[in-house]
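Chemist: The structure that follows is given in the form of structure tokens.
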Amino acid sequence: MEITYRQVGDYLLPELELRSEEIRIIGKYGMLRRTYLKEYKPGWYQSMILTGKLDKHLADVEEQATIRFEQIVKQMKKAEGVTEELKNENQFVWIQKMNNIQARAMEIIGEELIFV
């Protein structure tokens, strides 16, 4: 890779161009994945940074994890009978069940997509 420089006063500044890729948001799941790679797979993490593939990978994981999380929560709500009717009848029970479902869904997401 060749880097060209331009003279600005007494300084040489590199002429760098930003890649014109679409900006994708890296949220909770992408950040968890980044932390995991950085701590437990440093070689792969550095390789992805150097090749410019890390952001795309993290955005892909974020997208997949979000979709999968919503699917799992929906399935568990149906299986356990957590409905809007329950929410209207007893909010505390509904909150308790939803928190439990979301925690289990997060564990599944971690095992399937983030910590692998």
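Mind the numbering: the sequence shown is residues 1 to 116 in the UniProt record's numbering, read in order.
All residues carry an ideal CB built from backbone N, CA and C; glycine is no exception.
Remember, it's a predicted structure, so these values are computed and weren't measured experimentally.
1. Taking the continuous beta strand (DSSP E) assigned at Arg-24, which residues delimit it?
2. So, Val-61 versus Ile-95, is the Cβ gap smaller than 8 Å?
3. In terms of residues, what are the limits of the alpha helix (DSSP H) holding Leu-50?
4. Is Leu-16 helix, strand or coil by DSSP?
5. Report the residue from Lys-87, Gln-71 and Leu-37 whose alpha carbon sits nearest the alpha carbon of Met-106.
6. Which term fits Arg-104, buried or exposed, when burial requires 16 or more other beta carbons within 10 angstroms of its beta carbon?
7. Between residue 154 and Arg-24, is the Cβ-Cβ spacing less than 8 Å?
8. Using the Cβ count rule (16 or more neighbours within 10 Å means buried), how would you classify residue 149?
9. In angstroms with no decimal places, state the Cα-to-Cα distance between Glu-111 and Gln-91.
10. DSSP puts Pro-33 in a beta bridge; with which residues?
Modeler: Taking the definition as stated:
1. Within the sequence shown, numbered from 1, the residue matching residue 24 stands at position 24. Looking at the DSSP string, Arg-24 is not in any beta strand (DSSP E), and its letter there is neither H nor E.
2. Counting from 1 along the sequence shown, the entry for residue 61 is found at position 61. Counting from 1 along the sequence shown, the entry for residue 95 is found at position 95. No, these two residues do not count as a Cβ contact at 8 Å.
3. Walking along the sequence shown from the start, residue 50 turns up at place 50. Leu-50 -> alpha helix (DSSP H) spans 42–51.
4. For this step, residue 16 is matched to residue 16 along the sequence shown. Reduced to three states, the DSSP call for Leu-16 is coil.
5. By 1-based counting over the sequence shown, the position of residue 106 is 106. If we check each option's Cα against that of Met-106, Gln-71 comes out closest.
6. Here residue 104 corresponds to residue number 104 of the sequence shown, with the count starting at 1. By the neighbour-count rule (16 or more Cβ atoms within 10 Å), Arg-104 is not buried but exposed.
7. As displayed, the chain neither begins before 1 nor continues past 116, which places residue 154 out of reach and without an answer.
8. Residue 149 is absent from the structure shown; the chain starts at 1 and stops at 116.
9. Sequence index remark: in the sequence shown, residue 111 carries index 111 (1-based). Sequence index remark: in the sequence shown, residue 91 carries index 91 (1-based). About 30 Å.
10. By one-based count along the sequence shown, residue 33 stands at place 33. According to the sequence shown, residue 33 is Arg rather than Pro. Paired residues: none, contrary to the question.
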